[in-house]
Amino acid sequence: MTIHTIKKLRGSQGLSEAVALLRAGECVGLPTETVYGLAALADSDHAVRRIFDAKGRPADHPLIVHLPSVEHLAFWASDIPASVWVLAETFWPGPLTLLLRKNRQRSDVVTGGRDTVAVRVPSHPLFLEVLTRLDQALAAPSANLYRQLSPTTADQVVAGLDGRIPAVLDGGPSEFGLESTILDLVADRPAILRSGPVGRDVLEKALGETILLPGSHDVAVPGNVAAHYQPKTPMRTVSKQDLISMDIGEMGVIVWSRDTAAELPGSASPCVRDLSEDPVEFGRALYQTLAELDRMELKQLLVEMPPQTEAWAAINDRLRRASGTF
Ligand code: TXA
Ligand code: MG
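All residue numbers for the sequence shown refer to the working numbering, where the first residue is 796 and numbers rise by one.
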């Protein structure tokens, strides 16, 4: 039996313990509505460095700063454009991260040396409660080792970061299962740096202007690299036609379409997972399913190519990264 050294915190006592650890400058795994985060006081260089150490993340990869409320924005950002207030009103608390000019008085350890800062108000009730009690911001990247899959349950945090952090607060499975949308408001025109649960269509509607997509701009985002969000088993996407004519022995397979699931030989195998035709449900299950199949030490993971539509944009983005074909 594996003995884990990460303490799994639950209930109101667990919440108080998480707050106490964070106040003392420790990093703690916390549930968000997107994926689990590895949180520490954003305004403490010492605490923030602990995050970089625990993740094995290079110091120039900036972290997202999670705010208790929009009132904390001016502490972290400067030159805040008017559009921020519209977006905050519409999408916060929630899975939208805004890239803004950093307030020069704040340290640049959390922003990886940059003069910009990525901020969001998360909607998970436990994360919000922790933020409210601390009354200050928490830096939190996804709670996984550098370049690996983001965890969507407390157990996945334990599996990935055991021995590296003292505790994780269990808030159940993440609602969205994919990281937040990142919108750059520093560039001349708003640009999506990372697709996520908040789609381009709803952002354009709220802003009343068109938004550039990833790849159509040249702003370097450290997360926007190939070989990110990756399982250890080689993974690739394949069309339905190719999939149903393949010999899938020793392969892990993820399908979205009911037809494909029905036509796939060997579809009753535990290595074959039929997720959902609904992109929200598919996204919620994706990382956990990839993590489960990854543990089975299969030769390869095959994912049925999803529709190339806006509703599947974040999923297609993560599948490209997971397969290293970004
Ligand atoms: O849903 C999420 O956003 C989760 C939860 C925990 O909130 N967090 C998350 O953090 O995905 P992380 O660190 O795994 O990804 C944050 C991304 C990285 O690709 C990072 O490079 C980018 O945001 N980022 C953060 N601050 C930035 C900045 N100042 N300039 C450019 N990119 C930035
Ligand atoms: Mg991450």
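Even glycine gets a Cβ: it sits at the ideal position worked out from N, Cα and C.
Below 8 Å, can you find three or more Cβ-Cβ pairs linking the stretch 1027 to 1043 to the stretch 1070 to 1077? no
Would you kindly work out how many angstroms separate the C-alpha atoms of Ala938 and Ile1039, rounded to a whole number? 36 Å
Ordered along the chain, which non-local residues of its own chain (more than five positions away) have a Cβ less than 8 Å from that of Ala869? Ile875 and Asn898
With which residues is Asp1069 paired in a DSSP beta bridge? Val1050
Ordered list of alpha helix (DSSP H) runs contained in the stretch 940 to 993, each at least 4 residues: 949 to 956
Report yes if the C-beta of Pro890 is less than 7 Å from at least one heavy atom of the ligand MG; otherwise report no. no
Paired residues, beta bridge with Thr911 - DSSP: Arg896
Check whether Thr837 and Phe847 have beta carbons under 8 Å apart: According to the sequence provided, residue 837 is Ala. The question's Thr does not apply to it. No, the Cβ-Cβ distance between Ala837 and Phe847 is not below 8 Å.
Beta-carbon proximity check, Val860 vs Val912, cutoff 8 Å: yes
Who does Leu1096 pair with in a DSSP beta bridge? Met1030 and Gly1047
Only counting the same chain, and skipping five residues up and downstream in sequence, which positions put a Cβ closer than 7 Å to that of Thr1055? Lys1035, Leu1038, Ile1039 and Glu1099
Per DSSP, what kind of secondary structure is Gly809 in: helix, strand or coil? helix
In chain order, what residues have a CB nearer than 6 Å to some heavy atom of the ligand MN? Absence of the ligand MN is noted for the structure shown, with the ligand TXA and the ligand MG being the only ligands found.
Look at the Cβ atom of Pro992, then the Cβ atom of Leu1085, and state whether they are nearer than 8 Å. no
Return the residue from the list Leu804, Asp930, Ser839 and Leu882 that minimises the CA-CA distance to Lys1000. Leu882
Which residues in the same chain have their Cβ closer than 7 Å to the Cβ of Gly1061, if we skip the five residues on either side of it in sequence? Ile1043 and Val1067
For Thr827, count neighbouring C-beta atoms within 10 Å of its own C-beta (all shown protein chains included) and say buried if the count is 16 or more, exposed if not. buried
Considering just the uninterrupted stretch of the beta strand (DSSP E) at Ala835, what are its terminal residues? Gly832 to Leu836
Please report the straight-line C-alpha distance between Val814 and Ala1057, rounded to a whole angstrom. 48 Å
Once the 5 residues before and after Gly1047 are set aside, which same chain residues still bring their CB inside 6 Å of it? Cys1066, Leu1088, Leu1093 and Leu1096
With distances taken from CA atoms, which of Gln808, Ala935 and Leu891 is nearest Glu821? Ala935
Helix, strand or coil for Gly1078? Go by DSSP, reduced to three states. helix
Please state if the CB of Gly1078 and the CB of Ile1049 are separated by a distance shorter than 8 Å. no
Would you give the residue range spanned by the beta strand (DSSP E) that Ile1006 belongs to? Unbroken run through Ile1006: none, as it is neither H nor E.
Please report the distance separating the alpha-carbon of Ala949 from that of Ala819. 22 Å
Taking a contact to mean a Cβ-Cβ separation below 8 Å, would you say Ile960 touches Ala1106 in this structure? no
Report the three-state DSSP secondary structure of Gln1025 (helix, strand or coil). strand
What residues match up with Lys803 in a beta bridge as DSSP calls it? Val963
Three-way DSSP call (helix, strand, coil) for His856 in this model: coil
What residue range does the beta strand (DSSP E) around Val997 cover? Element bounds for Val997: not the beta strand (DSSP E) but the alpha helix (DSSP H), Arg995 to Leu1002.
With C-beta atoms as the reference, is Leu810 less than 8 Å away from Ala835? no
Outcome for Gln900 when other beta-carbon atoms lying within 10 angstroms are tallied against a minimum of 16: exposed
Confirm, please, whether the CB-CB distance from Thr892 to Ile987 is below 8 Å. no
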